[in-house]
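One structure below.
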Amino acid sequence: MDWGKQKDILVFIEQKDGHPINAGLECLTPARTLAKASGGKVLALLIGTDNAESEKRVSGFGADVLLSVEGEQYADGGSDAFSYALEQVAEKYKPAAVLAAVTPLGRELTARLSAKKVMGSVQDAVNLHLQEDGTPVWTIPLYSGTILNDIVLDTVPFAATTRSGAFSKPEESETKTSVTKECISVPDEAIRKKVLESVKEITEAVNLEDAKVIVAGGRGMGKKENFALLDQLAKILGGVVGATRPAVESEWISRAHQVGQSGKNVAPALYIGCGISGATQHVSGIMNSGYIVAINKDEDAPIFDIADLGIVGDAMQVLPVMIEEIQKRKA
Ligand SMILES: Cc1cc2nc3c(=O)[nH]c(=O)nc-3n(C[C@H](O)[C@H](O)[C@H](O)COP(=O)(O)OP(=O)(O)OC[C@H]3O[C@@H](n4cnc5c(N)ncnc54)[C@H](O)[C@@H]3O)c2cc1C
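Shown next as structure tokens:
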């Protein structure tokens, strides 16, 4: 593929509470793949009121250039100011591609930029590979994740959003990228809507995305009380508890723990699935796990097709044995 003169890959890294979101840092991985193909640089972009903390954090993740746009205009999180700033940065640096995490803001910014600049665009990518000539092929889940579609984007520039957990963050290094401040003042006429009020949903804080170990339970756990076994095992292993949608809908555990297509995409080193059948909508969220253990009493359960280790048995009998054995070995 001919990348032409535009070779750099611009990554918009969204912030939450003054810190870069993980899904934004993960975008640096496909950005590096693209930059290798295009022969360009990876430019990370922060937009916010005070980027100091995020600059420190992002600088260790291997971007070649770290651009920082600060101003009070970004205080209410309204997308118009962000969209204007992104457009200005794209105009100045002329990237071959603009990447962002698939959040409401990431979707909107890339869609607006693509429409304005008539760029090719993909949303919600879960994988990227390059054809022999360096042409990017993005994998996009369709029809509730039932099928995975490969989309070839062979025009430059283009935009893409990536799904949280689909790519691993680059290794953090001691080498820091220096920060280039960009002064962009957003004209009043660029702001067409104002955020009047933001209501924060009170949710239990559970960091599934960064967990190294997840012990997840499904409908096969039978009742809420049995989730105590998952909790126990997760604690011993220094992990957190995940769940399938039916377990959440039965109110055995809060929605913050849901893994899968309409929950979180996770990438732990170890995933232990208990009483989970292995439906596509759940499995699509765990495919980046390092090692998958499945406990199911049905030896034909589809989860065994993707498990590295399968245990055919009643989870309520297997789990206490596992807990006891691990405790013994730890002691
Ligand atoms: C648009 C859409 C989005 C969705 N999003 C998600 C999502 O984000 N996450 C998600 O998880 N699902 C999601 N679903 C639902 C998904 O399709 C499945 O229905 C769900 O994942 C099945 O959950 P489960 O494995 O807990 O239950 P089941 O499919 O009922 O499986 C229960 C399993 O437990 C086993 N079992 C029973 N008793 C025991 C026992 N004592 N010991 C061991 N094993 C036992 C059974 O053999 C069975 O395999 C979505 C569906 C749709 C349509």
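The sequence shown begins at 1 in the numbering used here and counts up by one. We treat Cβ as the ideally placed atom computed from N, Cα and C, and that holds for glycine.
Original post:
Does the Cβ-Cβ distance between G222 and P246 come in under 8 angstroms?
Top reply: Counting from one through the sequence shown, the residue named residue 222 turns up at place 222. Counting from one through the sequence shown, the residue named residue 246 turns up at place 246. The beta carbons of G222 and P246 sit no closer together than 8 angstroms.
Subject >> Stretch pair the region 134-150 + the region 75-89: three plus CB contacts closer than 8 angstroms >> reply: Too few Cβ pairs lie closer than 8 angstroms, so no.
Original post:
Excluding the five sequence neighbours on either side, which residues of its own chain have a C-beta within less than 6 angstroms of the C-beta of I311, listed in chain order?
Top reply: Along the sequence shown, read from residue 1 onward, the residue named residue 311 stands at position 311. Cβ within range, chain order: I295 and V318.
Original post:
Buried or exposed: L309, going by 16 or more other Cβ atoms within 10 Å of its Cβ?
Top reply: The sequence position of residue 309 within the sequence shown is 309, counting from 1. Classification of L309: exposed, given that the 10 Å Cβ count is below 16.
Original post:
So is C27 buried or exposed if we call it buried at 16+ other beta carbons inside 10 Å?
Top reply: To locate residue 27, count along the sequence shown from 1; it is residue 27. Buried, by the Cβ-count rule.
Original post:
Fully enclosed by the region 192-241, which beta strand (DSSP E) runs are 3 residues long or longer?
Top reply: Within the region 192-241, the complete beta strand (DSSP E) runs of at least 3 residues are 213-217.
**OP:** Scan the region 32-93 and note each continuous alpha helix (DSSP H) run of 4 residues or more that stays entirely inside, going in chain order.
**Re:** As far as the region 32-93 is concerned, its whole alpha helix (DSSP H) runs of at least 4 residues are 52-58 and 79-93.
Original post:
Taking the C-alpha atoms as reference points, what is the distance between S254 and V248?
Top reply: Locating residue 254 in the sequence shown gives position 254, where the first residue counts as 1. Locating residue 248 in the sequence shown gives position 248, where the first residue counts as 1. If you take the alpha carbons of S254 and V248, they lie about 6 angstroms apart.
Original post:
Can you find a C-beta in chain C that's less than 8 angstroms from the C-beta of M221?
Top reply: Absent from the structure: chain C. Only one protein chain is present.
**OP:** Can you give me the start and stop residues for the alpha helix (DSSP H) that D305 sits inside?
**Re:** On the sequence shown, position 305 is the one that residue 305 refers to. Note, D305: alpha helix (DSSP H), I303 to I306.
Original post:
Less than 7 angstroms between the CB of S277 and some heavy atom of ligand 1, yes or no?
Top reply: Here the question's residue 277 lines up with position 277 in the sequence shown. Checking the Cβ of S277 against ligand 1 gives yes.
**OP:** Could you tell me whether the region 168-181 touches the region 148-157, using the rule of 3 or more Cβ pairs below 8 angstroms?
**Re:** No, the region 168-181 does not touch the region 148-157.
Original post:
What is the DSSP secondary structure of S121, reduced to helix, strand or coil?
Top reply: As a first step, residue 121 is located in the sequence shown; it is residue number 121 there, counting from the start. Strand.
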